[in-house]
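Asker:
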Amino acid sequence: MTLQYPPRIELARLPTPLEPLDRLSEQMGGPRIWVKRDDLTGCVASGNKIRKLEFTFAKAIEQGCDTLITCGGLQSNHCRSTAILAAKLGLKVHLVLRGSQPEGISDGNLFIDQLAGAQISYYPPREYQQHLGDILIQLQQSYADQGRKAWIIPTGASDGIGVWGYIRCCEELKADFAHHRIEPKHIVTASGSGGTQAGLTVGNILHQLNATVYGINVCDDEAYFLHKVSQDLQEWRQLYGQKIDISSLNIQVIDGYVGPAYAKATPEIFDTIKKTAQLEGLILDPVYTAKAFHGMLQELKQGRFGDSGDIVFIHTGGLFGLFAQRDQIAF
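Counting in my numbering, the sequence shown runs from 472 upward without gaps.
#1: Below 8 Å on the Cβ atoms is my guess for L556 versus I521; work out the distance and round it to an integer in Å.
#2: Please classify D703: is it buried, with 16 or more other beta-carbons within 10 angstroms of its beta-carbon, or exposed?
#3: Between which two residues does the beta strand (DSSP E) harbouring Q590 extend?
#4: Nearest to G579 by CA position, among G674, F791, D798, is which residue?
#5: So, is E525 buried or exposed, given that buried needs 16 or more other C-beta atoms within 10 angstroms?
#6: Look at the alpha carbon of L720 and the alpha carbon of L671, and state the distance between them as a whole number of angstroms.
#7: What first and last residue would you give for the beta strand (DSSP E) that runs through C514?
#8: Is I717 helix, strand or coil by DSSP?
#9: Check whether the stretch 682-693 and the stretch 751-767 touch, using three or more Cβ-Cβ pairs below 8 Å as the test.
#10: Around the Cβ of D616, are there at least 16 other Cβ atoms within 10 angstroms (buried) or fewer (exposed)?
#11: Look at the Cβ atom of L489, then the Cβ atom of H650, and state whether they are nearer than 9 Å.
#12: Would you mind reading off the limits of the beta strand (DSSP E) that contains F784?
#13: Between which two residues does the beta strand (DSSP E) carrying Y685 extend?
#14: Alpha carbon to alpha carbon, how far is F582 from G636?
#15: Is the Cβ-Cβ distance between I658 and I504 less than 9 Å?
#16: Taking DSSP as the reference, what is the three-state secondary structure of V659?
#17: Three or more C-beta pairs under 8 Å: does that hold for the stretch 561-572 against the stretch 534-546?
#18: What are the boundary residues of the beta strand (DSSP E) that includes P738?
#19: Which of helix, strand or coil does DSSP assign to T487?
#20: Going by beta carbon distance, what residues of the same chain come within less than 8 Å of Y728, once the five residues before and after it are set aside?
#21: Taking a contact to mean a Cβ-Cβ separation below 9 Å, would you say A628 touches D584 in this structure?
#22: Spell out the partners DSSP gives Q572 in its beta bridges.
#23: To the nearest angstrom, how far is it from the Cα of G501 to the Cα of I623?
#24: Could you please give me the residues that DSSP links to A621 through a beta bridge?
#25: Let me know if C550 comes out buried or exposed under the rule of 16 or more other beta-carbons within 10 Å of its beta-carbon.
#26: By the 10 Å Cβ neighbour count, where 16 or more other Cβ atoms means buried, how is A483 classified, buried or exposed?
#27: Can you tell which of P595, G780, Q796 has the C-alpha that lies nearest to the C-alpha of I653?
#28: Can a CB atom of chain C be found closer than 9 Å to the CB of I782?
#29: Start and end of the beta strand (DSSP E) containing R508?
#30: Within the chosen definition, does the stretch 639-646 reach the stretch 594-610 through at least 3 CB pairs nearer than 8 Å?
Next up, the structure:
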């Protein structure tokens with residue numbers, strides 16, 4: 472179908488490939504597994520966040536903003552992508568990060584944040600969780616006092632604007648499926664802030680993919696993401712005057728694979744990272760994609776996806792976060 476998309480700035484390398492994982496599929500003995508390579512949306516700014524930020528940046532610039540404020544963990548893929556893309560467009564970025572400033576040389580995403588020239592404020596986890604909204608508003612006002620106009624981007628660019636990124640991805644998937652002559656029945660993604668799952672869930676309907684979208688949560692729990700995905704979609708509906716009934720959408724969350732905590736993985740997750748790299752040349756990260764991929768394989772073994780209908784895994788990136796935990800992998 473033809474949709475009227477809001478303005479976007481072309482920042483991602485699109486379309487990304489859809490590739491079969493045939494050796495893994497044969498080993499699993501079930502449906503054929505495919506991977507949508509959204510880890511290839513760019514180089515340093517790789518991952519799923521760029522699709523959402525294309526629309527977010529366009530909105531901020533449309534509103535006359537010259538500064539972007541956003542937030543996340545120390546190894547936030549979203550913050551890294553925001554910092555790099557803002558540098559590309561000549562915008563100032565201020566990152567609010569959860570955690571303490573590391574001693575010595577930074578690693579992974581944080582190193583890229585600093586390399587891109589982002590201004591960074593660090594907050595202890597408890598203060599961050601309890602006062603994040605106030606912190607962001609105060610920063611926005613501080614920039615206003617300096618004569619700058621700042622746009623606040625929520626965690627993961629997951630809001631009513633960001634939803635468009637993965638609605639558009641579903642249009643791309645429609646073309647992918649036609650090209651490969653397949654009709655996948657299951658689409659699986661990691662859910663960390665909910666926006667990617669929200670876009671896929673409504674995009675699946677709008678572009679008639681005839682699949683079920685599953686989010687495997689990497690933090691919080693099923694109840695949180697059922698609410699968050701619905702909330703993002705309701706905001707999208709209100710902002711853009713969409714007629715679709717959000718309450719009728721099939722929002723599916725697969726819980727049980729968070730592990731010890733957000734950004735902390737068990738040895739089994741690192742084994743999955745190593746196995747997937749050696750079997751398919753596909754690199755996963757311990758914060759998002761490996762937890763979701765491991766969860767998908769476990770659910771496949773347990774029969775959730777049946778024995779027919781291809782599975783598409785959305786690879787949302789995260790390579791730099793793997794570097795920051797490389798000492799967890801034994802060889």
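Note that the Cβ used here is the ideal one computed from N, Cα and C, for glycine as well.
Quick caveat: nothing in here was measured; it's all calculated off a predicted structure.
Answerer: In this structure, then:
#1: That belief holds up - the Cβ atoms of L556 and I521 are roughly 7 Å apart, short of 8 Å.
#2: Around the beta carbon of D703, 16 or more other beta carbons lie within 10 angstroms, which makes this residue buried.
#3: Element bounds for Q590: 590-594.
#4: For the set G674, F791, D798, the Cα lying nearest the Cα of G579 is the one of F791.
#5: By the neighbour-count rule (16 or more Cβ atoms within 10 Å), E525 is buried.
#6: When the Cα atoms are used, L720 and L671 turn out to be separated by approximately 11 Å.
#7: Per DSSP, C514 lies in no beta strand (DSSP E) segment and is marked neither H nor E.
#8: Correct three-state label for I717: helix.
#9: Counting Cβ pairs under 8 Å, three or more are found: they touch.
#10: Classification of D616: exposed, given that the 10 Å Cβ count is below 16.
#11: Against a cut-off of 9 Å, the Cβ pair of H650 and L489 comes out as a contact.
#12: F784 -> beta strand (DSSP E) spans 782-786.
#13: Note, Y685: beta strand (DSSP E), 683-688.
#14: The alpha-carbon atoms of F582 and G636 are separated by roughly 26 Å.
#15: Not in contact: I658 and I504 (Cβ atoms no closer than 9 Å).
#16: DSSP, reduced to helix, strand and coil, places V659 within a strand of the structure shown.
#17: The stretch 534-546 and the stretch 561-572 touch, with three or more beta-carbon pairs separated by less than 8 Å.
#18: That residue, P738, is in no beta strand (DSSP E); its alpha helix (DSSP H) goes 738-751.
#19: Per DSSP, reduced to three states, the secondary structure at T487 is coil, with no helix or strand assignment.
#20: For Y728, where only same-chain residues beyond five positions count, the Cβ hits under 8 Å are I687, N688, V689, K762, A763, H765, G766, Q769.
#21: Result no, Cβ atoms of A628 and D584 do not sit closer than 9 Å.
#22: Per DSSP, none; premise fails for Q572.
#23: Taking the straight line joining both Cα atoms gives about 44 Å.
#24: Beta bridge pairing from DSSP links A621 with T538.
#25: So C550 counts as buried.
#26: By the 10 Å Cβ count, A483 comes out buried.
#27: Nearest of P595, G780, Q796 to I653, Cα basis: G780.
#28: Judged by its chain identifiers, the structure shown contains no chain C, having just a single protein chain.
#29: 504-508 is the extent of the beta strand (DSSP E) around R508.
#30: The stretch 639-646 is not in contact with the stretch 594-610.
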